[in-house]
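Residue numbers (UniProt numbering): 1 to 278.
Report on the structure given below.
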């Protein structure tokens with residue numbers, strides 16, 4: 001079921017959807033990172049829509065303009081919500097693009113729902129196969145880091161999100177100019193969502209084992225990852241993910257930060273267009 005810009009899932013969650021470009025164009029579906037919304041991909045959406053693609057992005061449950069349910073803040077629900085969007089819009093031969101947490105969402109969607117409606121995929125700075133340190137991922141991020149994220153969100157998420165923009169966009173690197181507009185946009189998207197959902201989503205993006213999801217991504221998959229990503233380290237995510245993908249291609253963005261869809265939008269747009277037309 002849908003009503004214009006909203007899709008309703010089986011559990012009644014209302015998912016906000018942006019749908020631009022020609023309806024007969026090949027669909028490109030975007031899944032955003034934490035704690036943002038579909039607006040995080042507006043540069044890519046405008047660019048690809050002008051090149052004849054139908055571009056769709058949704059706000060994850062509890063984020064952006066979607067409703068704020070009391071539960072379901074896990075990768076399985078995120079994947080099923082994405083499947084509901086795909087089914088409601090009857091998208092076929094779609095290219096799925098996921099950034100950060102959204103990369104995990106894309107992988108779990110394919111892991112749970114298969115590739116019958118999927119042509120290709122792109123994982124950008126994605127959290128796959130897992131971020132947290134485990135016995136099988138000893139070089140992962142220590143759990144104390146995620147505990148600190150939860151504590152920061154709970155104590156004062158407004159200030160936490162403002163502070164997070166510095167490493168997110170690489171503003172702490174020599175020669176990088178601080179951009180207050182980008183910081184404000186990040187903050188505005190984060191504050192639009194549910195504190196509960198964003199708090200619980202930390203577990204989803206850090207602890208979900210997605211090794212099997214990646215193995216089930218039998219379609220061509222491009223992995224784009226910055227080698228200066230301070231949020232999702234490339235060695236245990238991007239490089240590890242491509243080793244599990246049946247048809248994975250890794251492209252390392254030299255000097256790329258976690259927010260490179262914005263800070264390096266022209267470069268990322270060109271990579272996406274080249275992949276779509278390959």
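Don't be surprised by glycine CBs; every beta carbon is placed ideally from N, CA and C.
Quantities reported herein were computed from a predicted structural model and do not represent experimental measurements.
| Check | Outcome |
| --- | --- |
| Beta-carbon separation of residue 146 and residue 168 under 8 Å? | no |
| Let me check one thing: in DSSP terms, what residues is residue 222 bridge-paired to? | 122, 249 |
| For residue 14, which residues in the same chain have their Cβ closer than 7 Å to its Cβ, ignoring the five residues on either side in sequence? | 6, 8, 66, 67 |
| The beta strand (DSSP E) that contains residue 98, what's its start and end? | 94–99 |
| Contact between the region 223–236 and the region 81–93: three or more CB pairs below 8 Å? | no |
| Just list the beta strand (DSSP E) runs in the region 38–76, keeping only unbroken ones of 3 residues or longer that don't cross its boundaries, in chain order. | 54–58 |
| If you run the structure through DSSP and keep just helix, strand and coil, what is residue 23? | coil |
| Taking just the CA atoms, how far does residue 163 sit from residue 200? | 20 Å |
| Using a Cβ-Cβ cut-off of 8 Å (strictly less than) and excluding sequence neighbours within five positions of residue 218, which residues of its own chain qualify? | 115, 246, 247 |
| Hey, could you find the ends of the alpha helix (DSSP H) residue 171 is sitting in? | Segment: none, residue 171 is in no alpha helix (DSSP H) and carries neither H nor E. |
| From 64, 33, 27, 72, pick the residue whose C-alpha is nearest to that of residue 11; which is it? | 72 |
| From residue 130 to residue 137, what does the alpha carbon distance come to, in whole angstroms? | 8 Å |
| I'd like the ranges of any alpha helix (DSSP H) spanning at least 4 consecutive residues and lying wholly in the region 134–188. | 143–168 |
| Under DSSP, the alpha helix (DSSP H) around residue 268 begins and ends at which residues? | 265–277 |
| How big is the Cα-Cα spacing for residue 209 and residue 179? | 35 Å |
| Could you tell me if residue 236 is buried or exposed, where buried requires 16 or more neighbouring beta carbons within 10 angstroms of its beta carbon? | buried |
| Considering Cα atoms alone, identify which of 30, 35, 48 is closest to residue 274. | 48 |
| Got a sec? Which residues, its chain only, sit under 6 Å from residue 122 by beta carbon, not counting five neighbours each side? | 97, 222 |
| Helix, strand or coil for residue 202? Go by DSSP, reduced to three states. | helix |
| By DSSP, does residue 115 sit in helix, in strand, or in coil? | coil |
| Thinking just about the alpha-carbon of each residue, which of 196, 33, 143 is nearest to the one in residue 69? | 196 |
| Identify, in the order they occur along the chain, each residue of the same chain with its Cβ nearer than 7 Å to the Cβ of residue 229, setting aside the five sequence neighbours on each side. | 125, 256, 257, 258 |
| Short check: CB of residue 54 to CB of residue 25, under 8 Å? | yes |
| Are the CB atoms of residue 193 and residue 263 nearer to each other than 8 Å? | no |
| Report the CB separation of residue 83 from residue 189 in whole angstroms; it is logged as a contact under 8 Å. | Not a contact, Cβ separation roughly 24 Å. |
| Just curious, the beta strand (DSSP E) that residue 7 is in, first and last residue? | 6–8 |
| I need the straight-line Cα distance from residue 119 to residue 232, nearest angstrom please. | 26 Å |
| Where residue 279 and residue 60 are concerned, what is the direct C-alpha to C-alpha distance, given to the nearest angstrom? | Residue 279 is absent from the structure shown; the chain starts at 1 and stops at 278. |
| Can you find the residues in the same chain that come closer than 8 Å, C-beta to C-beta, to residue 204, ignoring five residues on each side of it along the sequence? | 73, 74, 75, 78, 101, 104 |
| Distance, Cα to Cα, residue 44 vs residue 191? | 22 Å |
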